[in-house]
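>
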Amino acid sequence: MHHPLEPHEISEEIERASQFLRNAERVVVLTGAGISAESGVPTFRGSGGLWHGHNIYDVATPEAFARDPKMVWEFYNFRREGLAQIKPNPGHYALVVLEQRFAKNCFTIVTQNIDGLHRAAGSRNIQELHGNLRRIKCSQCEFIEDRDLEPLPSLPKCPKCAALLRPDVVWFGETLPMAAWMASEQAASHCDCFLVVGTSAIVFPAAGLISHAKDHGAKIVEINMEQTQASSIADVGLYGPSGEILPKIVAHLS
Ligand code: OAD
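For the sequence shown, the working numbering assigns the number 150 to the initial residue and increments by one for each residue that follows.
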């Protein structure tokens, strides 16, 4: 168990994290639901988690969609509606400022989140490993489209082939989007510093990027409310809200 850090210990750890970032030419930031928690998006596994009251296998698998597409769409339309009220928080904005310190394509955000808040904040180089709630795609043909937060019917149909549309998100048992995965793995192989922010680091293959980066020589900085599966390989651990810690790191750097 880690103990709550004293103020002087926090600043020492922030100094160490800042040092890694100052020395780095290339940086990757892996984000999870925790970075959006302060925007009001519930995390998956915390109390009051997103799946609370829903068995995940009832809403987030291809089998669930085949069995009961209306119920699956109800769930995703509910989440899409929720996004209209949600704004990026200081953690997202701190990453926008951090990106500006690095050369083009030398700073990559790899996110497991489907809320689009990194883009809304203004980050540029983002790989979305689990898709995006604002996009829909056809369950049969190649049709794919950004519908932003436009209200959708309870069973939307493909304008090309009339099959059912589905959210462009990755469900359990599905493979990750190939281009996003390859780019993320490539970035993790070449980065000098790898930040792990607000993820329980238990869902693979995304979580595997952390040890992959470590094996390729990156310093690992973890920012989370608590220790996780990634903590044992982290070079620095900052335990507290990312909406407070990330702005502190950025302020310390400038
Ligand atoms: P989890 O809900 O598993 O973990 C959220 C993490 O954020 C936890 O470790 C919390 O301690 C931490 N946390 C909560 N509030 C925080 C805050 N204010 N600041 C910093 N950290 C905070 O979410 P993910 O790790 O994102 O996949 O889950 C990974 C994947 O599991 C999701 O992308 C989703 C789910 O199944 C798919 O849907 C494919």
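C-beta: ideal position from N, C-alpha, C; glycine also.
For E230, I'd like the list of residues in its chain whose CB is within less than 8 Å of its CB, leaving aside the five on either flank, ordered along the chain.
L298 and P300
> Identify, in the order they occur along the chain, each residue of the same chain with its Cβ nearer than 6 Å to the Cβ of Y225, setting aside the five sequence neighbours on each side.
Spatial neighbours of Y225 in its own chain (CB-CB distance under 6 Å, excluding positions within 5 residues in sequence) are listed in chain order as P316.
> Counting C-beta neighbours from all protein chains within 10 Å, is the total for C307 16 or more, i.e. buried, or is it exposed?
buried
> To the nearest angstrom, how far is the alpha carbon of A215 from that of P302?
A direct Cα-to-Cα measurement between A215 and P302 gives close to 17 Å.
> Are there 16 or more other CB atoms within 10 angstroms of the CB of S381, so buried, or fewer, so exposed?
Here S381 is exposed, its C-beta having fewer than 16 other C-beta atoms within 10 Å.
> Which ranges does the alpha helix (DSSP H) cover as unbroken runs of at least 4 residues, wholly within the segment 160-220, from first to last along the chain?
182-186, 205-208 and 211-216
> DSSP three-state call for P396: helix, strand or coil?
helix
> For C255 and T324, I'd like the C-alpha separation in whole angstroms.
Across the structure, C255 and T324 are spaced so that their CA atoms are roughly 26 Å apart.
> Can you check DSSP and say which residues form a bridge with F343?
V177 and I369
> At a threshold of 7 Å, does P316 count as lining the ligand MG (C-beta to nearest heavy atom)?
Inclusion of the ligand MG in the displayed structure is not the case, the ligand content consisting of the ligand OAD alone.
> Along the beta strand (DSSP E) that carries P239, what are the first and last residues, could you check?
Element bounds for P239: not the beta strand (DSSP E) but the alpha helix (DSSP H), P239 to E248.
> Cutting at 6 Å between CB atoms, please list the residues of its own chain near G392, excluding the five before and the five after it.
So the list reads E187, N238, P239 and G240, once near-sequence residues are dropped.
> Keeping to the same chain, check which residues put their C-beta closer than 6 Å to that of K309; ignore five residues upstream and five downstream.
Closer than 6 Å at Cβ, skipping near neighbours: C290 and F292.
> Looking at T210 and the ligand OAD, is the gap between the Cβ and the nearest heavy atom below 7 Å?
No, since every heavy atom of the ligand OAD falls outside the 7 Å radius drawn around the Cβ of T210.
> With a cut-off of 8 Å on the beta carbons, I'd call I278 and V318 a contact; round off their distance for me.
Correcting the residue type first, residue 278 is Leu in the shown sequence and not Ile. L278 to V318, Cβ: 10 Å. No contact.
> For a minimum of 3 consecutive residues, which ranges assigned as the beta strand (DSSP E) are wholly contained in the segment 303-361?
314-318 and 342-346
> So the beta strand (DSSP E) N387 belongs to, where does it begin and stop?
It is Leu, not Asn, that sits at residue 387 in the sequence shown. V385 to Y388 is the extent of the beta strand (DSSP E) around L387.
> For the alpha helix (DSSP H) containing L282, list its first residue and its last residue.
It is not in any alpha helix (DSSP H) - L282 instead sits in the beta strand (DSSP E) that spans G280 to C287.
> Identify whether E230 lies in helix, strand or coil by the three-state DSSP scheme.
Helix.
> Quick check on E223: does DSSP put it in helix, strand or coil?
helix
> Measuring only from the beta carbon, is I372 closer than 7 Å to any heavy atom that is part of the ligand OAD?
yes
> Let me know if L170 comes out buried or exposed under the rule of 16 or more other beta-carbons within 10 Å of its beta-carbon.
With 16 or more other Cβ atoms within 10 Å, it is buried.
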